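In mature numbering (1 follows the signal peptide of the UniProt record, and there is no 0), the protein residues as written are -20 to -1, 1 to 622.
Where is the CB? At the ideal position from N, CA and C, for every residue including glycine.
As the structure is a prediction and not an experimental result, all values here were calculated from the model.
Data first, discussion second: the structure below is written as structure tokens.
And the structure:
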């Protein structure tokens, strides 16, 4: 139909419903619509009949809807005045009538919204992509709102059906005598219904009007199973339990985190299968690396590569696996701190503080230089250099496990310097995360506000320094007054039962982790400090706790290194092998040279010989660069290619 025919129909349906109640007025409106349609040169013979019939049908439906609405209002008033009905029956019948009223009104609104959308499309320019995109967005929003309304109406119908079934049961129970068991079960049912109503959270209704919340269409995917009755019944059960997977238009996959009915226990079977698979495949991969003389962690990374998106793609709960793997980092750094006593920390604290700061500044300077030559934006250059300045603490700590430490009296232990600098880089990680919102704004700000951005960065640095001072002051108080009595109490309660000791140490580690997180310092620093504080109680305490925590750390570390392998893509490495080899060697050599230069300036003359091994330990990139890079890509700081 052309735009002229649409204008005739739109002239009719745009009138208020009250004007269509009179048949005489209806005929006038129809004739006027036909006249307008004819004035545009349309063919009268067929178009006239179509417009006339469509207008009559639409106006007739609208009149019929008004009549039904009046009958529903009268029925509601009659139910409310009926003294023979109980309050529950009145509520149920009135609720049913109101649902039907809402259905009629929503159907009418859908007709007018469709006509309005057609008018907007006809008035637009089909050559203007921006206009077409805006029209598509508006239609999408309308469809989302309609879907939400229909979903809410369906939920209300389910509730009405439930009330109807309960009313029928009450009538049946009133007409027959119940046994004692039936009465007990009926009381239990009512108590369970009350409990479900009390604990149910209306998360959807509470959050749909919150600012920043968007409605999106998602796909609900069930398990790929055979069409047997057994599997069909299993799908129905899983559907009731909410164990299916949701996929949005951006191909993000979601699983259930909190069910509506909290009285039924649930388990994420995908996550269980993923952990079981990683555990089984890690064994042969670890054995293979041990056989050829490589550290076992490389086998765990290979395990992640084989099971990840670039391999068999059998890991479904990638985010959950990575989250569990973070606990491997926490316990690894706790054991590093357990071996890193406060006396050793006091011996190298100046080097640990100065070294990473100097290296970061030099990396940023070189990054800006290369960025200028390659015409990369300064914001991207600063961010990339910052990410590359970080080194992996878990990686180095696993290499240092069981190694021989510095044995010259009065000399500085190379492992103390290396671990001290790595822990300070973990502190810098918290600073980088805090500064990231400022980098996001700097990417879109003008040069007139550069001084404000510098001021904000300085304020953030001041906040981080204040938080660090508060953390170390708290550690001093805990070491002086609390950690000794706390461990003695744990040791006394855990005789013959190691659970209390493990739980007490784990709780103390998580407490320190929470404190550093609240103070906007990295959680990894809290784990390291927890281990360092406990190590102040002596060598015997350290050995006892290490025997208990090491098995837990080893298993979680397997998950952590396997999660790193999930982000390694061998095909991409093969395609861009030359570029990646050049960039990797450049970064490793640059970090090694800068570390040697910095350590030559800050190390005592008697300990200059350790600068080579410490520099070699720092000449790699932290796995947390993945985290920073993914956040920066989502925020638009760096591009996908960078």
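Coil, strand or helix - residue i by DSSP
i           : result
residue 174 : helix
residue 612 : helix
residue 601 : coil
residue 199 : strand
residue 291 : coil
residue 2   : Residue placement at residue 2 cannot be trusted, given a pLDDT of 48 that sits under 50; what the coordinates show is reported in the next sentence. Reduced to three states, the DSSP call for residue 2 is coil.
residue 34  : helix
residue 631 : One cannot answer for residue 631 here, as it falls past the ends of the chain, which runs -20 to 622.
residue 56  : helix
residue 664 : This structure cannot speak to residue 664, because the chain is shown only from -20 to 622.
residue 548 : coil
residue 74  : helix
residue 135 : helix
residue 47  : helix
residue 355 : coil
residue 332 : helix
residue 116 : helix
residue 372 : coil
residue 406 : helix
residue 212 : Residue confidence for residue 212 is low, a pLDDT of 47 falling below 50, so the modelled location carries little weight; the figure read from the coordinates is stated next. Helix, per DSSP.
residue 393 : coil
residue 606 : helix
residue 20  : Confidence at residue 20 is low in this model, with a pLDDT of 48, below 50, so the placement of that residue is unreliable and no value is reported for it.
Endpoints, the alpha helix (DSSP H) within which residue i is located
i           : result
residue 256 : 249 to 271
residue 307 : 298 to 319
residue 545 : 519 to 545
residue 358 : 358 to 369
residue 484 : 478 to 498
residue 559 : 557 to 582
residue 63  : Unbroken run through residue 63: none, as it is neither H nor E.
residue 621 : Segment: none, residue 621 is in no alpha helix (DSSP H) and carries neither H nor E.
residue 467 : 463 to 473
residue 515 : 503 to 515
Bridge partner(s) assigned by DSSP for residue i
i           : result
residue 234 : 226
Residue i versus the options, residue with shortest Cα-Cα distance
i           : options            : result
residue 485 : 555, 526, 545, 33  : 526
residue 70  : 82, 56, 81         : 56
residue 135 : 616, 371, 75, 199  : 75
residue 356 : 131, 618, 58       : 618
residue 601 : 369, 200, 465, 309 : 369
residue 231 : 245, 259, 198, 263 : 198
residue 374 : 225, 365, 351, 306 : 306
residue 243 : 224, 258, 296, 174 : 174
residue 552 : 327, 539, 291      : 291
residue 67  : 94, 143, 236, 229  : 143
residue 286 : 546, 576, 489      : 546
residue 407 : 620, 496, 434      : 496
Residue i: CB within 8 Å of a non-hydrogen atom of the ligand ZN
i           : result
residue 526 : Ligands are entirely absent from the displayed structure, and the ligand ZN is therefore not among its contents.
Assumed close pair residue i, residue j - CB separation to whole angstroms, cut-off 8 Å
i           : j           : result
residue 582 : residue 335 : 6 Å
residue 508 : residue 573 : Not really, about 28 Å apart at Cβ, beyond 8 Å.
residue 608 : residue 367 : 5 Å
residue 79  : residue 140 : 6 Å
residue 77  : residue 52  : 5 Å
residue 279 : residue 265 : 4 Å
residue 283 : residue 542 : 5 Å
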